[in-house]
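Residue numbers (our numbering), protein chains in the order written: chain A, 6 to 219; chain B, 6 to 219; chain C, 6 to 219; chain D, 6 to 219.
Virtual Cβ for every residue (Gly too), placed ideally from N, Cα, C.
4 protein chains.
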Amino acid sequence: MAGEGVARRTQAERRGRSEEALLDAAAVLIAERGVEGASLARIGGRAGLSRGLPTHHFGSKDTLVARLARRAQERIAAGFLDTLADEARTLADLTGLELVYMTVDSYLQLFEDPSDDVRALIVMWGSTFPARSSVEGMIDAERRSYVGLSEVIADGQRDGSIRADLEPDAAAVLVLGMMRGVAALLLTDSEITDMRRVRRTCRDMINQALEARP
Amino acid sequence: MAGEGVARRTQAERRGRSEEALLDAAAVLIAERGVEGASLARIGGRAGLSRGLPTHHFGSKDTLVARLARRAQERIAAGFLDTLADEARTLADLTGLELVYMTVDSYLQLFEDPSDDVRALIVMWGSTFPARSSVEGMIDAERRSYVGLSEVIADGQRDGSIRADLEPDAAAVLVLGMMRGVAALLLTDSEITDMRRVRRTCRDMINQALEARP
Amino acid sequence: MAGEGVARRTQAERRGRSEEALLDAAAVLIAERGVEGASLARIGGRAGLSRGLPTHHFGSKDTLVARLARRAQERIAAGFLDTLADEARTLADLTGLELVYMTVDSYLQLFEDPSDDVRALIVMWGSTFPARSSVEGMIDAERRSYVGLSEVIADGQRDGSIRADLEPDAAAVLVLGMMRGVAALLLTDSEITDMRRVRRTCRDMINQALEARP
Amino acid sequence: MAGEGVARRTQAERRGRSEEALLDAAAVLIAERGVEGASLARIGGRAGLSRGLPTHHFGSKDTLVARLARRAQERIAAGFLDTLADEARTLADLTGLELVYMTVDSYLQLFEDPSDDVRALIVMWGSTFPARSSVEGMIDAERRSYVGLSEVIADGQRDGSIRADLEPDAAAVLVLGMMRGVAALLLTDSEITDMRRVRRTCRDMINQALEARP
DNA sequence: GATGAATGAGGTTTCATTCAT
DNA sequence: AATGAATGAAACCTCATTCAT
Numbered sequence: 006m007a008g009e010g011v012a013r014r015t016q017a018e019r020r021g022r023s024e025e026a027l028l029d030a031a032a033v034l035i036a037e038r039g040v041e042g043a044s045l046a047r048i049g050g051r052a053g054l055s056r057g058l059p060t061h062h063f064g065s066k067d068t069l070v071a072r073l074a075r076r077a078q079e080r081i082a083a084g085f086l087d088t089l090a091d092e093a094r095t096l097a098d099l100t101g102l103e104l105v106y107m108t109v110d111s112y113l114q115l116f117e118d119p120s121d122d123v124r125a126l127i128v129m130w131g132s133t134f135p136a137r138s139s140v141e142g143m144i145d146a147e148r149r150s151y152v153g154l155s156e157v158i159a160d161g162q163r164d165g166s167i168r169a170d171l172e173p174d175a176a177a178v179l180v181l182g183m184m185r186g187v188a189a190l191l192l193t194d195s196e197i198t199d200m201r202r203v204r205r206t207c208r209d210m211i212n213q214a215l216e217a218r219p
Numbered sequence: 006m007a008g009e010g011v012a013r014r015t016q017a018e019r020r021g022r023s024e025e026a027l028l029d030a031a032a033v034l035i036a037e038r039g040v041e042g043a044s045l046a047r048i049g050g051r052a053g054l055s056r057g058l059p060t061h062h063f064g065s066k067d068t069l070v071a072r073l074a075r076r077a078q079e080r081i082a083a084g085f086l087d088t089l090a091d092e093a094r095t096l097a098d099l100t101g102l103e104l105v106y107m108t109v110d111s112y113l114q115l116f117e118d119p120s121d122d123v124r125a126l127i128v129m130w131g132s133t134f135p136a137r138s139s140v141e142g143m144i145d146a147e148r149r150s151y152v153g154l155s156e157v158i159a160d161g162q163r164d165g166s167i168r169a170d171l172e173p174d175a176a177a178v179l180v181l182g183m184m185r186g187v188a189a190l191l192l193t194d195s196e197i198t199d200m201r202r203v204r205r206t207c208r209d210m211i212n213q214a215l216e217a218r219p
Numbered sequence: 006m007a008g009e010g011v012a013r014r015t016q017a018e019r020r021g022r023s024e025e026a027l028l029d030a031a032a033v034l035i036a037e038r039g040v041e042g043a044s045l046a047r048i049g050g051r052a053g054l055s056r057g058l059p060t061h062h063f064g065s066k067d068t069l070v071a072r073l074a075r076r077a078q079e080r081i082a083a084g085f086l087d088t089l090a091d092e093a094r095t096l097a098d099l100t101g102l103e104l105v106y107m108t109v110d111s112y113l114q115l116f117e118d119p120s121d122d123v124r125a126l127i128v129m130w131g132s133t134f135p136a137r138s139s140v141e142g143m144i145d146a147e148r149r150s151y152v153g154l155s156e157v158i159a160d161g162q163r164d165g166s167i168r169a170d171l172e173p174d175a176a177a178v179l180v181l182g183m184m185r186g187v188a189a190l191l192l193t194d195s196e197i198t199d200m201r202r203v204r205r206t207c208r209d210m211i212n213q214a215l216e217a218r219p
Numbered sequence: 006m007a008g009e010g011v012a013r014r015t016q017a018e019r020r021g022r023s024e025e026a027l028l029d030a031a032a033v034l035i036a037e038r039g040v041e042g043a044s045l046a047r048i049g050g051r052a053g054l055s056r057g058l059p060t061h062h063f064g065s066k067d068t069l070v071a072r073l074a075r076r077a078q079e080r081i082a083a084g085f086l087d088t089l090a091d092e093a094r095t096l097a098d099l100t101g102l103e104l105v106y107m108t109v110d111s112y113l114q115l116f117e118d119p120s121d122d123v124r125a126l127i128v129m130w131g132s133t134f135p136a137r138s139s140v141e142g143m144i145d146a147e148r149r150s151y152v153g154l155s156e157v158i159a160d161g162q163r164d165g166s167i168r169a170d171l172e173p174d175a176a177a178v179l180v181l182g183m184m185r186g187v188a189a190l191l192l193t194d195s196e197i198t199d200m201r202r203v204r205r206t207c208r209d210m211i212n213q214a215l216e217a218r219p
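Printed below as a string of structure tokens:
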């Protein structure tokens, strides 16, 4: 029993380690060359493993890409919660306006020195633009982000921090679109301007645009 | 001689007509299946022409795609100028703030019922996200948009319509990113909310965020 | 116009020649290594053409195999009609019994010195045995052979050359099965016995088994 | 010691049980998808065991397939002897003609409601048609069937039950080919006609074709 | 005895491009 | 100007097999 347990854990560990390595490699390559340019053979090679392993583990390229997308999204979400925790606040303590601002700001902060995961995520987002796109779960996740943001804005209207005359749905689209679009612009042309100034200006603009005035 | 002249004009016309047909077909296919999914053979077929014609006319796929991107951008710019003309204004009559707003609004209006060109343009924008991207001229064009917008904002500060404490560069990134990002979101998930409400809310937010206050 | 006509004929000829070469190569390789063992790359190579051509022409392996099957079946049918013509008879002149016999005998004769087409056809027949098989049109063609043979036997009963107490359906299955099975056995193990003696004995057995007795 | 003995027997039993399960699964999959379509991983899975077990037990796919072929042939032979035993006859009591008939008939009877083994066997037979075929032992077994049948026919001529003017070799090929071919036809297209009528007609035709006449 | 992770060869297919017509 | 035949690289995927556990 003990022997079996060890063997199992070791096999599982081996598997897990390979998967992580493959996802890491996929992130690098997708960020670099796009979803289609990142071939499974190259992903395997870059991970220091064999050409055939990516398919062996994930069954198909679509699955691998979807898994990478989810991992990146989860990491971002976890990072955001960490940030809140670091500042010793809970969600309940924040006004809606503060929460909107922190959402946007912590997202943009990721792009000051973007990880491969984060860069890959934007690239994957870009590859969902064609009508028949394939990155599974991506559009759903985007929808959830939109709904969540919309609710936060409505909350902010209830708690009096956000102007009551905004339409939460429409404002959520604008804020989310700005987050994604700005990230994409800066990733594409990193010389455009530096992210820190953008974040500072962004705080200003969000406050001006959303804040309820006496 | 006269006959030859006519023949030549006809040849040139035919050529032009074929090229337009090919670009139209390319726009449809790129909007539908992405840049890589739009194969030259399919583009030729969709245009009602031969498989070999796209290469024959444009020399390479990259060139074809670049030409399509330029055509779409020029059409958008021309449309914008037409809108201004319709409202019997010249650029000189507008405050910086008005110009920013009209730029954004007329862009978003394109996505209420997007043409194939416009949809293809967003798809091509998405395919520039990888670090080694290929759509020639696209990043430069984006840079020019950014510079132009930045200047308009600075003009607005000079003419007193836009808050003086904004950094024009950073504000331009935020506004341009929002335009692109919102367009992409709505193209990807058309059920999210309707564009008209977004435009209305956008006017509000831009005014609040940029307007100089007494 | 004339130039176009020539060009077209020449292009068409080129295409036709390649197709024939590919089908010939496919027949050799399928006879040798089976349907799955005959890879498209090898077929192209054996035909003295490129690896990619088989797919380019036929679209898929299934189509290529189906085309080969049809070609072989048509050639066999044409050969049978030629044989009849050589003997200056028309179908109408033959009794049902004679026609059954000639059908079987001319089929078996093909296997005295079997062409690649004929060998490939038996191999393709063998590859239809799995429940989910793929050689398109093969099972239908087999069904048609069976129906045709069954009608010939019924005709023979009407014209008095074949015993009236046979069930035409069942007899057709037995005769057709024998044709195919014997062909397969001899192809598989050519040392079993020589085909000429089989044909002689076959005539005997068919006469004994089917002939109406006074 | 006793414990060890038990353990060993249990181990051996387990091994045997696994092997049988693997062969059963292989029969199902080969009947369904052909020899090449039946992958070792799927065989293991279908048997409710692991992916690696087929190789572990049989060493190679070829060996597994050969073992399955032999098992199926032995079962068929054993079934035939059982049938004889049920009818309380020994081989010595039968005339050659009767024995030929019973061989064919009991074989065809198997296909009225064919087991996976029997279906797989026909599929494996079909996969021996290519010149370089792989199912080890299959062609030899077929040869032995042929030789045996040929001897039975010669015996029948000696005992006066079968026409003396037949060539035993050739007749054996025809009878064996018919058995196999009819089985294949009915397996491929089960709607062709029902096996019972074929068996009835077959008895008739064999008697007419082989029986010595006074 | 058994599991399943890992490999890498090989298959079909898609495609941009070249070239003859 | 236009067609479409031909090429060959590269993609995804399947699979028998090897090997560590």
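Helix, strand or coil: how does DSSP classify Glu18 of chain A here? helix
Secondary structure at Ile167 of chain D, three-state DSSP: helix, strand or coil? Reduced to three states, the DSSP call for Ile167 of chain D is strand.
Whose C-beta lies closer than 7 Å to the C-beta of His62 of chain A among residues of the same chain, with five residues either side of it excluded? Ser23, Glu24 and Leu27
Measure from the C-beta of Val109 of chain C to each C-beta in chain D and report whether the shortest distance is under 8 Å. no
Status (buried if at least 16 other CB within 10 Å, exposed otherwise) for Leu86 of chain D: Under this definition Leu86 of chain D is an exposed residue.
Chain-ordered neighbours of Thr198 of chain B on chain A, where CB pairs are closer than 9 Å: Under the 9 Å cutoff, chain A gives Tyr151, Ser155, Glu172, Asp174, Ala175, Ala177 and Val178.
Any Cβ of chain A within less than 8 Å of the Cβ of Met6 of chain B? With a pLDDT of only 41 at Met6 of chain B, under the threshold of 50, the placement of this residue in the model should not be trusted; the figure read from the coordinates follows. Not closer than 8 Å to any Cβ of chain A, the Cβ of Met6 of chain B fails to qualify, so no.
Three Cβ pairs or more, each shorter than 8 Å: is that satisfied between the segment 144 to 157 of chain C and the segment 142 to 155 of chain D? no
What is the rounded straight-line gap between the Cα of Asp118 of chain B and the Cα of Tyr151 of chain B? 25 Å
If Thr95 of chain B and Leu154 of chain B are in contact, beta carbons under 8 Å, what's the gap, nearest whole angstrom? About 19 Å; that fails the 8 Å criterion.
So Ser111 of chain D is in the alpha helix (DSSP H); what residue range does that whole segment cover? Gly101 to Leu115
With DSSP as the reference, label Arg202 of chain D as helix, strand or coil. helix
Beta carbons nearer than 8 Å to chain D: which residues of the segment 127 to 151 of chain C have them? Listed by position, the residues of the segment 127 to 151 of chain C near chain D (Cβ gap below 8 Å) are Ile127, Val128, Trp130, Gly131, Ser132, Thr133, Phe134, Pro135, Ala136, Arg137, Ser138, Ile144, Glu147, Arg148 and Tyr151.
With 16 other Cβ atoms within 10 Å as the buried cut-off, status of Ser195 of chain A: Exposed is the label assigned to Ser195 of chain A, since fewer than 16 other Cβ atoms lie within 10 Å of its Cβ.
Given 8 Å as the limit, is there contact between the segment 129 to 143 of chain A and the segment 127 to 135 of chain B, that is, 3 or more CB pairs closer than that? Touching, yes, given that three or more Cβ pairs across the two stretches are closer than 8 Å.
Look up Glu37 of chain C in the DSSP assignment and say whether it is helix, strand or coil. helix
Closest Cα partner of Met183 of chain B within the set B:Glu216, B:Val203 and B:Ala46: B:Val203
Supposed contact pair Ala217 of chain D and Ala214 of chain C - C-beta distance, whole angstroms, cut 8 Å: With 8 Å as the limit, Ala214 of chain C and Ala217 of chain D do not qualify as a contact, their Cβ atoms being about 15 Å apart.
Inter-residue spacing [alpha-carbon to alpha-carbon] between Ala177 of chain A and Arg51 of chain B: For Ala177 of chain A and Arg51 of chain B, the distance between alpha carbons rounds to 38 Å.
Give a yes or no on whether the C-beta atoms belonging to Glu179 of chain D and Met210 of chain C are separated by under 8 Å. Reading the sequence as shown, one finds Leu at residue 179 of chain D and not Glu. Yes; because the gap between Cβ atoms is below 8 Å, this pair is in contact.
Any Cβ of chain C within less than 8 Å of the Cβ of Gln213 of chain D? yes
Short CB-CB distance (under 8 Å) between Val105 of chain C and chain D: By this cut-off, Val105 of chain C is not an interface position.
DSSP three-state call for Gly10 of chain A: helix, strand or coil? Any reading at Gly10 of chain A is ruled out, since the residue's pLDDT is 42, under 50, leaving its predicted position unreliable.
Measuring CB to CB, does Asp122 of chain C end up less than 8 Å from Arg76 of chain C? yes
For chain A, check one thing: does any of its Cβ atoms lie closer than 8 Å to the Cβ of Glu117 of chain B? Judged by the 8 Å Cβ criterion, Glu117 of chain B is not in contact with chain A.
Taking buried to mean at least 16 other C-beta atoms within 10 Å of its own C-beta, is Glu79 of chain B buried or exposed? exposed
Give the single residue among B:Ala36, B:Ala30 and B:Leu104 whose Cα lies nearest to the Cα of Gln162 of chain B. B:Leu104
Starting from Ala189 of chain D, find everything on chain C with Cβ-Cβ shorter than 9 Å and list it in chain order. Trp130, Gly131, Thr133, Phe134, Gly182, Arg185, Gly186 and Ala189
In whole angstroms, what is the alpha-carbon distance linking Ala83 of chain C and Arg124 of chain B? If I take the Cα positions, the gap works out to 56 Å.
Please list, in chain order, the chain D residues whose beta carbon lies closer than 8 Å to that of Ala36 of chain C. Listed along chain D, the residues sitting closer than 8 Å to Ala36 of chain C by beta-carbon distance are Pro135 and Ala136.
Can a CB atom of chain B be found closer than 8 Å to the CB of Gly39 of chain A? yes
For a test of the three-state rule: what should DSSP assign to Glu24 of chain D, helix, strand or coil? Three-state result, Glu24 of chain D: helix.
Does Arg202 of chain A have its Cβ less than 8 Å from a Cβ in chain B? yes
Let's test the definition: count the other Cβ atoms within 10 Å of the Cβ of Gly39 of chain D and tell me whether it reaches 16, buried, or not, exposed. buried
In the DSSP assignment, what are the bridge partners of Glu196 of chain A? Answer by DSSP bridge pairing: none, since Glu196 of chain A is not bridged.
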